[in-house]
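Okay, so the sequence shown: first residue is 20 according to the working numbering, each after it adds one.
To start, the structure under review is shown below, and the notes come after it.
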Amino acid sequence: MEEAKWYVVHTYSGYENTVCASIEKAVENRGMHDLILETNIPMETVTEITDNGPKTVERKVFPGYVLVKMVLTDDTWHLVRNIRGATGFVGSGGKAIPLSESEILALGVEKHEVVVNYSVGDSVKITDGALESFIGTVDEIDMEQSKVRVVVSMFGRETPVELELDQVEVIKN
């Protein structure tokens with residue numbers, strides 16, 4: 020089965036919560052939990068300065084849009100398309116286009132938490148990318164940026180390479 024992806028649904032202004040609730044209710048009624056996994060309205064916390072002093076409010080990041088994590092099939096497309104207040108998917112030529120990994124991370128919709136089981140000084144094997152299967156030593160771990168710097172021996176010299184946290188695994192002795 021295809022993997023679920025995030026799609027953007029355009030709604031009438033002010034209908035985001037209604038559309039979100041309606042999609043969830045339709046999924047519940049039709050038992051489509053395995054196809055439509057999640058709906059999301061990206062929100063941000065903003066402090067507004069009013070006459071009465073500062074006030075913290077939740078505000079929609081993209082008014083008029085709802086994000087839906089789903090497997091795109093004719094059924095799921097029609098279900099979402101026929102929700103009152105939803106005007107269609109964001110895409111071209113009526114075709115829904117999923118968000119890319121980088122867009123999803125930038126929106127903060129999904130937090131990819133990587134559990135790191137190695138530390139500075141450990142020997143690790145690179146599991147992905149151009150240097151796959153190279154062995155190196157962890158030099159630095161940057162949890163904020165989700166990066167790890169590994170010193171690899173290439174052509175007889177030590178070369179530091181920056182990788183994603185999940186591109187390396189510890190070598191068990």
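Built from N, CA and C at the ideal position, the CB exists for glycine as well.
Since the structure is predicted, the reported quantities are computational estimates derived from the model, not experimental observations.
- Rounded to the nearest whole angstrom, the C-alpha separation of Met89 and Val109 is 14 Å.
- Residue environment analysis places Val85 among the buried positions, since at least 16 neighbouring C-beta atoms fall within 10 angstroms of its C-beta.
- Judged by their CB atoms, Val46 and Ile60 are not nearer to each other than the 7 Å cut-off.
- For Glu21, there is no enclosing beta strand (DSSP E), as DSSP gives it neither H nor E.
- According to the DSSP assignment, Ile145 belongs to no alpha helix (DSSP H) but to the beta strand (DSSP E) extending over Ser142 to Ile145.
- Residue environment for Ser32: exposed (fewer than 16 other C-beta atoms within 10 angstroms of its C-beta).
- Each residue's CA atom was taken as its position, placing Glu151 and Glu22 some 25 Å apart.
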